[in-house]
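Residue numbering for the sequence shown follows the working numbering, beginning at 1 and increasing consecutively.
Heads up: the structure comes next, in structure tokens.
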Amino acid sequence: EEEKQVWRPGFDPIEDGEELDFDPSAYATYHAMNMEWPCLTMDILRDPLGFHRTKFPMTMYLACGSQAQSSDENKVYLMKVSDIKKMKQEE
1 EEEKQVWRPG
11 FDPIEDGEEL
21 DFDPSAYATY
31 HAMNMEWPCL
41 TMDILRDPLG
51 FHRTKFPMTM
61 YLACGSQAQS
71 SDENKVYLMK
81 VSDIKKMKQE
91 E
């Protein structure tokens, strides 16, 4: 069976008509968030917790910009996401 990998935009090609699908076996963790409007940009902010983290639960800081229906409704979000746990992998 082909090994599952995370798709990396800008590095991994995608064919015309090809669809990406979430496969939990390719990820160590997953966290869904809902915003009032879609965020087309999201950056992980540098913090003093270390660059290469390996221990769970994890914490990260994000900056996002929304794409609202009207420009006066756009928002910039600064978020702390904490208590991120490792997903259980099926054997």
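Built from N, CA and C at the ideal position, the CB exists for glycine as well.
**OP:** Tell me whether ALA26 sits in a helix, a strand or coil according to DSSP, three-state version.
**Re:** helix
Original post:
Do the stretch 23 to 38 and the stretch 75 to 90 meet, that is, are 3 or more Cβ pairs less than 8 Å apart?
Top reply: yes
Original post:
Is it true that the CB of THR54 sits closer than 8 Å to the CB of VAL81?
Top reply: no
**OP:** In angstroms with no decimal places, state the Cα-to-Cα distance between CYS64 and ARG46.
**Re:** 14 Å
Subject >> Bounding residues of the beta strand (DSSP E) (the contiguous stretch that carries ALA63) >> reply: 58 to 66
**OP:** Less than 8 Å between the CB atoms is what I'm expecting for MET79 and TYR61, so what's the real figure, rounded?
**Re:** 7 Å
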